[in-house]
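If you count by numbering that gives the first Met the number 0, then the sequence shown holds residues 0 to 601, one letter each, in order.
Reading through the structure tokens given below for one structure.
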Amino acid sequence: MKLSLRNKFMFPTLALILVGLGVASLASFYNASGSLEKAYKEQVRSTADATAGQISSWLADRAVEIKLLASNNMYGTATMASATMAHKVVSKELKSYREAKPYYEIFVLSDNVGILRAASDESVLDKITISDREYFKIAMQGKLNFSEPIMSKASGQPVVSIAAPILRGDTVTGVLLGVLDLSAFTGQFIDNLRVGQSGYVYLINHTGQVLAYPDKKEILKLNIGQYDFGREILAKKKGMIDYEFKGLEKIAAFAPVEGRDWIVVASANTEDLLAPARELGLINLVIALLVLVVGAVVIFLVARSITKPVDLIITELNQGSHQVSGASDQVSAASQSLAQGTSQQAASLEETASALEQMASMTRQNADNAGQADGLMRQTSEVMQRAAHSMQEMMSSMAEISHASEEVSKIVKSIDEIAFQTNLLALNAAVEAARAGEAGAGFAVVADEVRNLAMRAAEAAKSTESLIEGTVAKVKHGGEIMERTNREYGEVSDNSLKVGELVGEIAAASKEQSQGIDQVSKAVSEMDAVTQKNAATAEESASAAEELSAQSAVMLEVVERLDALVKGGEAGVGQGASIYATLEDEPEIKDRRNLLPWKRND
0 MKLSLRNKFM FPTLALILVG LGVASLASFY NASGSLEKAY KEQVRSTADA TAGQISSWLA
60 DRAVEIKLLA SNNMYGTATM ASATMAHKVV SKELKSYREA KPYYEIFVLS DNVGILRAAS
120 DESVLDKITI SDREYFKIAM QGKLNFSEPI MSKASGQPVV SIAAPILRGD TVTGVLLGVL
180 DLSAFTGQFI DNLRVGQSGY VYLINHTGQV LAYPDKKEIL KLNIGQYDFG REILAKKKGM
240 IDYEFKGLEK IAAFAPVEGR DWIVVASANT EDLLAPAREL GLINLVIALL VLVVGAVVIF
300 LVARSITKPV DLIITELNQG SHQVSGASDQ VSAASQSLAQ GTSQQAASLE ETASALEQMA
360 SMTRQNADNA GQADGLMRQT SEVMQRAAHS MQEMMSSMAE ISHASEEVSK IVKSIDEIAF
420 QTNLLALNAA VEAARAGEAG AGFAVVADEV RNLAMRAAEA AKSTESLIEG TVAKVKHGGE
480 IMERTNREYG EVSDNSLKVG ELVGEIAAAS KEQSQGIDQV SKAVSEMDAV TQKNAATAEE
540 SASAAEELSA QSAVMLEVVE RLDALVKGGE AGVGQGASIY ATLEDEPEIK DRRNLLPWKR
600 ND
């Protein structure tokens, strides 16, 4: 559940006040509980101590009373069996004293053998004897003492006897006995004491038997020595314990009665310790509720005084944000349209610039190639001219070689003729040698050798002639080829000159065309740069419009949240958030946002 601003302000403040008051109340409760527990226990202890002191003092006073009565000479005379008049006087006096001291049940005076001689109630005379009683025996020894509590046969009430010796000189002649009514004693010292709401005080003897108790039926019947807490009290005699009795958690403070083996016990329920703290807690709760109510009223008024102006501000902000949102939508639509047209124009110019750049590149390449071809053709023409000149020189050389071969051929023919003639001479010489006989034998040998040489020369001349003839034939054939080649090179040289002239003209035209295309490409590049700048500006304008629209949407959402904060309710995705999500999900807008300078990844 969504809370309004007033409730968000009021509830936590009230919760803080409530927690603060609760913590303060708990701290006060625990502190008060501790203090009250300490005070309560101190009260219980002081009650036990005070009661024990009062009982001890009261019993001492009663002992002094009895002792003073016993010191009366008349009482000594009354112990004598023959003193009848003294018996009546003492009985009358004891009766008066009994009436003045209602906490005594009876006063009796006995002789030294335990026979009653005088009493406040003369009806008991000659009916009972006390010679067998322990307190009588102790008194006859000259000691004042208290008896153990017993149940009175006359009244049926618990009583305690105070026995004082009666002396005549140094001789104990009898005993004065004052019987204390414990019910009257309880009424004076026990019944009126209250510890807390349900606590009480009681008196026990050294065995744990109850001598005084709020419930009179329990006197001399209840013995707390039968319980663990009773045995602990009897063992410690003075102190404080926690215990459980009849299903109730209790505390007990106890103190001994001086001069007696009695113990005063002040008992209280543990839950009574927290009764004042609970009352204090209830008071604190009432005060906390009053403070909470007053605080709620004050906080409500303060929150109302705060939220009312905020509501007015929210209304004005809401109206302004709607107006800004409408204007930003119009600006965004116009900017997007402009950005789209500029982007298309920029794309077209970019494609045109790219095509022109390719054409310029190709033209530049053609111009370069034409220039290179022109240069190569010029070089080729020069080489052809040099080659034609070399061919002419080669043809001249071949002609000279042919002429030299012809000369060699003539020489070889001369050698052949010489060899032939030598051979003829050798033959003639051989014929002549044969005719001469033995005298011409040596000459014949020489003639043979000359003939052989002539024959070999003739053969070599023939071979040389044959080779020379072949060489001359080949040289002639080579000369013919060279002549033909020379003519063909001449034609090539003429064509190369013509081609060189044409390539030169093409290179000049390509150069002029490249310069013109460069100028056009430069102009298109400048137009593309301007268009790109305009496109970027349009994109930035569109982005700014989108951001403005998004901001207006966010402002709407903030207004809705503020309204939800003030008035409470759901503050989920409002109109602003939905508009922003719609804008972000548009593919075109996504793409354009990615093209923005601060959105580009490259």
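In this text, a Cβ means the ideal position worked out from N, Cα and C, and glycines have one as well.
ASN368 versus ASN533 - alpha carbon distance: Distance between the alpha carbons of ASN368 and ASN533: 40 Å.
SER413 to ILE480 span [Cα, whole Å]: So the two alpha carbons sit approximately 31 Å from each other.
message: the ligand ADP and TYR96: does the residue's C-beta get closer than 8 Å to at least one heavy atom of that ligand?
response: Questions concerning the ligand ADP fall outside what the structure shown contains, since it holds no ligand whatsoever.
field: First through last residue of the beta strand (DSSP E) which encompasses THR605
entry: As shown, the chain starts at 0 and ends at 601. That puts residue 605 outside it, with no answer to give.
- prompt: Per DSSP, what kind of secondary structure is THR46 in: helix, strand or coil?
  reply: Looking at THR46 - three-state DSSP - the assignment turns out to be helix.
message: Does ARG592 pass the burial test, meaning 16 or more other C-beta atoms within 10 Å, or should it be called exposed?
response: Note on ARG592: pLDDT 44, under 50, position unreliable in the model; the coordinate value appears next. ARG592 is buried by the Cβ-count criterion.
message: By DSSP's criteria, SER109 is part of a beta bridge. Which residues make up the other side?
response: DSSP, once it has assigned bridges, lists LEU115 and VAL174 as partnering SER109.
- request: Taking ASN283 as the reference, give the member of HIS321, LEU202 and GLY21 with the closest Cα.
  value: Minimum Cα distance to ASN283 is reached at GLY21.
- prompt: Are the CB atoms of VAL43 and ALA267 nearer to each other than 9 Å?
  reply: Between VAL43 and ALA267, the gap from beta carbon to beta carbon is short of 9 Å.
Alpha-carbon spacing of GLU315 relative to ILE298, whole angstroms: In this structure, the CA atom of GLU315 is about 26 Å from the CA atom of ILE298.
field: Length of the line joining the Cα atoms of GLY573 and LEU289
entry: Confidence is the limiting factor: at GLY573 the pLDDT is only 48, short of 50, which leaves the residue's position unreliable, though a coordinate-based value still follows. One C-alpha to the other measures close to 42 Å.
field: Residue range of the unbroken alpha helix (DSSP H) whose run includes ASN72
entry: Its alpha helix (DSSP H) spans residues 72-77.
Within 9 Å, strictly: CB atoms of SER151 and ARG132: Contact flag unset, no.
VAL256 - DSSP class collapsed to helix/strand/coil: DSSP, read as helix, strand or coil, puts VAL256 in coil.
query: To the nearest angstrom, how far is it from the Cα of VAL18 to the Cα of ILE240?
result: The C-alpha of ILE240 is placed about 37 Å away from the C-alpha of VAL18.
- request: Return yes when the Cβ of GLY195 is within less than 9 Å of the Cβ of ASN111, no when it is not.
  value: No, the pair does not count as a contact, with Cβ atoms beyond the cut-off.
Beta-carbon separation (whole angstroms), ARG363 vs SER513, contact threshold 8 Å: The C-beta distance from ARG363 to SER513 rounds to 5 Å, short enough to meet the 8 Å contact threshold.
task: Round the Cβ separation of SER336 and SER548 to the nearest angstrom and send it over; I've been treating them as touching at under 8 Å.
output: Going by Cβ atoms, the distance from SER336 to SER548 rounds to 15 Å, so no, they are not a contact pair.
message: Cutting at 6 Å between CB atoms, please list the residues of its own chain near ALA456, excluding the five before and the five after it.
response: Cβ within range, chain order: ALA418.
GLU350 versus ARG486 - alpha carbon distance: Distance between the alpha carbons of GLU350 and ARG486: 55 Å.
message: Would MET454 and ASN422 be called neighbours here (beta carbons separated by less than 9 Å)?
response: Taking 9 Å as the Cβ cut-off, MET454 and ASN422 qualify as a contacting pair.
query: Can you name the residues that DSSP bridges to PHE145?
result: In DSSP, PHE145 forms a bridge with ILE161.
query: For ALA14, does the count of other Cβ atoms within 10 angstroms reach 16, so buried, or fall short, so exposed?
result: By the Cβ-count criterion, ALA14 is exposed, with fewer than 16 other Cβ atoms from all chains shown falling within 10 Å of its own Cβ.
- prompt: If you follow the beta strand (DSSP E) that SER197 is part of, which residue opens it and which one closes it?
  reply: For SER197, there is no enclosing beta strand (DSSP E), as DSSP marks it with neither H nor E.
field: Proximity of ASN222 and THR206 at Cβ, strictly below 9 Å
entry: A contact, by the Cβ cut-off of 9 Å.
message: Quick check: the stretch 95-102 against the stretch 70-84, are at least 3 beta-carbon pairs closer than 8 Å?
response: Segments in contact, no.
task: Alpha carbon to alpha carbon, how far is MET383 from MET394? Give it in angstroms, no decimals.
output: Rounded to whole angstroms, the separation of the alpha carbons of MET383 and MET394 is 16 Å.
Sub-9 Å separation of SER70 and VAL256 beta-carbons: For SER70 and VAL256, no; Cβs fall outside 9 Å.
task: Rank LYS40, SER360 and SER492 by C-alpha distance to the C-alpha of ILE250 and give the top, closest one.
output: Out of LYS40, SER360 and SER492, LYS40 has the C-alpha closest to the C-alpha of ILE250.
- request: Note the first and the last residue of the continuous alpha helix (DSSP H) segment covering TYR242.
  value: Per DSSP, TYR242 belongs to no alpha helix (DSSP H); it is in the beta strand (DSSP E), 238-244.
- prompt: Cα-Cα, which of ILE127, ARG116, ILE165 and SER119 is closest to ALA138?
  reply: When only C-alpha atoms are compared, the closest one is ILE165.
message: VAL263 and VAL171 - do their beta-carbons sit closer together than 9 Å?
response: The Cβ-Cβ distance between VAL171 and VAL263 does not fall below 9 Å.
task: Whole angstroms is fine: what's the gap from GLN225's alpha carbon to ASN72's?
output: So the two alpha carbons sit approximately 47 Å from each other.
- prompt: At what residues does the alpha helix (DSSP H) containing GLU137 begin and finish?
  reply: Note on residue identity: the sequence assigns Ile, not Glu, to residue 137. For ILE137, the enclosing alpha helix (DSSP H) begins and ends at 133-138.
message: For ASP602, tell me which candidate among TRP261, ALA252 and LEU501 has the shortest Cα-Cα distance.
response: Absent from the model: residue 602. The displayed extent of the chain is 0 to 601, so no value can be given.
message: On the DSSP letters alone, give me the boundaries of the beta strand (DSSP E) that SER266 sits inside.
response: For SER266, the enclosing beta strand (DSSP E) stretches over residues 262-268.
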